[in-house]
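According to my numbering, the sequence shown is numbered sequentially starting from -11. Cβ atoms here follow ideal geometry from the backbone N, Cα and C, with glycine treated the same way. Right, one structure below, let's go through it.
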Amino acid sequence: MAPSQTHWVIAALETFFCPLPNFTIPASHTCEFRNYERTRPDQIAERIRDADIVIVSILPLTAEVLSAETAPHLKMVSVIASGTDAVDLATCRARGIVVGNTPHCNVTTVTEHVLGLYFATRRSIMLTHSLTRAGDWAVKGSQQTTMNGPDGKPPRTAREELVGIIGYGAIGRNIEVTAKTLGMKTIVAGRKGAPAPEGRVSFETVIRGCSVLIVCLPRLPETLNLISEAEFNQMKPYSLLINVSRGGIVDEKALVSALKERKIAGAGTDVYSQEPAEPANSVLLAPDTADLNLVMTPHLAWYADETIDNYGRACTENIAEFVTIGKPKYQVF
-11 MAPSQTHWVI
-1 AALETFFCPL
9 PNFTIPASHT
19 CEFRNYERTR
29 PDQIAERIRD
39 ADIVIVSILP
49 LTAEVLSAET
59 APHLKMVSVI
69 ASGTDAVDLA
79 TCRARGIVVG
89 NTPHCNVTTV
99 TEHVLGLYFA
109 TRRSIMLTHS
119 LTRAGDWAVK
129 GSQQTTMNGP
139 DGKPPRTARE
149 ELVGIIGYGA
159 IGRNIEVTAK
169 TLGMKTIVAG
179 RKGAPAPEGR
189 VSFETVIRGC
199 SVLIVCLPRL
209 PETLNLISEA
219 EFNQMKPYSL
229 LINVSRGGIV
239 DEKALVSALK
249 ERKIAGAGTD
259 VYSQEPAEPA
269 NSVLLAPDTA
279 DLNLVMTPHL
289 AWYADETIDN
299 YGRACTENIA
309 EFVTIGKPKY
319 QVF
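Dropping the structure here:
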């Protein structure tokens, strides 16, 4: 059912991450647009107090700030991201607040970032870069052994890889297609602890058998610490782990231990249990990880001109359809 009102207060709380395009809504409606480049958690309540629609990316919208006491007029949350784990969805359901997201907008760039992390880890690019700058090549005469895996063998080529895709949404499907163009073999994991449906391979078989594991699934209660010590103990010594999903899905302490103990050959990650990550809050960034084959990027796998254009379009479509028919184009619920 279409909302009865025609004037809307829209608060965009973090346009630093994704600037919005010139914003228009259908001609029969008017809006008051409040644009905030950055918003601290302690500023949320004040900024959404009289808002009808709130636009966010990663800012946490807790039950408290979504309450009727704090945001009595709130009718819609528009998330500029695929993941909605920063929003208390239970409170939104209870209050009848509609939630829309912007899926499939970053598929191309995240896929390309996965390939970048893959080649950087398989070829030990960051590690050999640091050693070369430090003069180690001149001292040893060669850096070949630095590139060897824990099995003592040189790095594999893409055509020798068996890639296990954990999470088969739009990004997982695009990674599969792109990996095959490089000559990689691919399999898709089923749910952990459950029989694999037709066309997929059991989670445990993927963990044990693949040379590259790519994690690209949502952060949910059932996916927290999905890959931890038990999984690392089963992986091949030449295997790589690439994580572009959300922090907390891979147990970071277990990952560091697996790299130090040479249980796996390397890892690349774009996400962290605590963000922004820094040495004080992340074991991945501790001083004793500097000599590991661990490549880290600051949650920017999504970032590209194409992605920003896609986000702006999807957000505009969500809000336009919500104010006219009461349902965003990309509705979470």
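Contact check, residue i vs residue j, beta carbons under 9 Å
i, j, result
"serine 66", "asparagine 94", "no"
"glycine 256", "threonine 285", "yes"
"isoleucine 237", "isoleucine 202", "no"
"cysteine 6", "tyrosine 299", "yes"
"glutamate 217", "aspartate 239", "yes"
"proline 316", "methionine 64", "yes"
"isoleucine 344", "alanine -1", "Because the chain spans -11 through 321 in this model, residue 344 falls outside it and cannot be assessed."
"glutamate 25", "valine -3", "no"
"leucine 228", "isoleucine 215", "no"
"leucine 1", "threonine 18", "no"
"threonine 120", "glutamine 131", "yes"
"cysteine 80", "leucine 47", "no"
"threonine 109", "glycine 197", "no"
"cysteine 303", "isoleucine 32", "no"
"isoleucine 175", "arginine 188", "yes"
"arginine 277", "valine 283", "Here the sequence assigns threonine to residue 277, which means arginine is not the residue at that position. Their beta carbons are not under 9 Å apart, which means threonine 277 does not touch valine 283 by this criterion."
"asparagine 306", "glycine 84", "no"
"threonine 328", "asparagine 23", "Residue 328 lies beyond the range of the chain shown here (-11 to 321); nothing can be said about it."
Assumed close pair residue i, residue j - CB separation to whole angstroms, cut-off 8 Å
i, j, result
"asparagine 281", "leucine 115", "5 Å"
"alanine 158", "proline 91", "7 Å"
"arginine 250", "proline 138", "4 Å"
"isoleucine 36", "alanine 59", "5 Å"
"glutamine 319", "valine 75", "With 8 Å as the limit, glutamine 319 and valine 75 do not qualify as a contact, their Cβ atoms being about 13 Å apart."
"alanine 289", "histidine 101", "4 Å"
"valine 194", "alanine 177", "4 Å"
"alanine 292", "isoleucine 13", "The Cβ separation is near 27 Å, so there is no contact."
Among the options, the one whose alpha carbon lies nearest that of residue i
i, options, result
"threonine 169", "Lys180, Pro185, Tyr156, Val151", "Val151"
"valine 98", "Asn269, Asp76, Asn231, Lys241", "Asn231"
"valine 311", "Thr79, Gly178, Leu62", "Leu62"
"lysine 180", "Leu119, Glu219, Leu247", "Glu219"
"arginine 207", "Ser199, Ser233, Pro142", "Ser233"
"serine 199", "Ile13, Glu149, Asn23", "Glu149"
"leucine 212", "Gly235, Val194, Tyr226, Glu192", "Gly235"
"serine 118", "Lys241, Asp279, Pro14, Arg301", "Asp279"
"aspartate 73", "Ala82, Ala56, Thr50, Asp124", "Thr50"
"phenylalanine 321", "Leu77, Glu34, Ala242", "Leu77"
"tyrosine 156", "Tyr226, Lys128, Leu205", "Leu205"
"leucine 247", "Pro267, Pro225, Pro29", "Pro225"
"threonine 45", "Glu192, His287, Gln222", "The amino acid occupying residue 45 in the given sequence is serine; threonine does not appear at that position. The residue with the shortest Cα to Cα distance from serine 45 is His287."
Residue(s) in a DSSP beta bridge with residue i
i, result
"asparagine 322", "For residue 322 there is no data in the structure shown, the boundaries of the chain being -11 and 321."
"lysine 173", "Leu150"
"glycine 256", "Ile230, Val283"
"glycine 88", "Ser66, Gln319"
"histidine -5", "Thr18"
"leucine 49", "Val75"
"leucine 208", "The partner list for leucine 208 (beta bridge, DSSP) is empty, contrary to what the question assumes."
"isoleucine 43", "Ala0, Ser66"
"valine 200", "Val151, Leu228"
"valine 238", "Ile215"
"valine 271", "Valine 271 pairs with nothing; no bridge assigned."
"valine 335", "Shown here, the chain extends from -11 to 321; a query on residue 335 therefore has no answer."
"valine 95", "Paired residue(s): none; valine 95 is not in a bridge."
"valine 311", "Paired residue(s): none; valine 311 is not in a bridge."
"valine 189", "Ala177"
Residue i at chain C interface by Cβ criterion, 9 Å
i, result
"lysine 168", "Considering every chain present, this structure includes no chain C. It has just one protein chain."
Residue i Cβ short of 8 Å to the ligand FAD heavy atom set
i, result
"glycine 314", "The model depicted lacks the ligand FAD and carries no ligand whatsoever."
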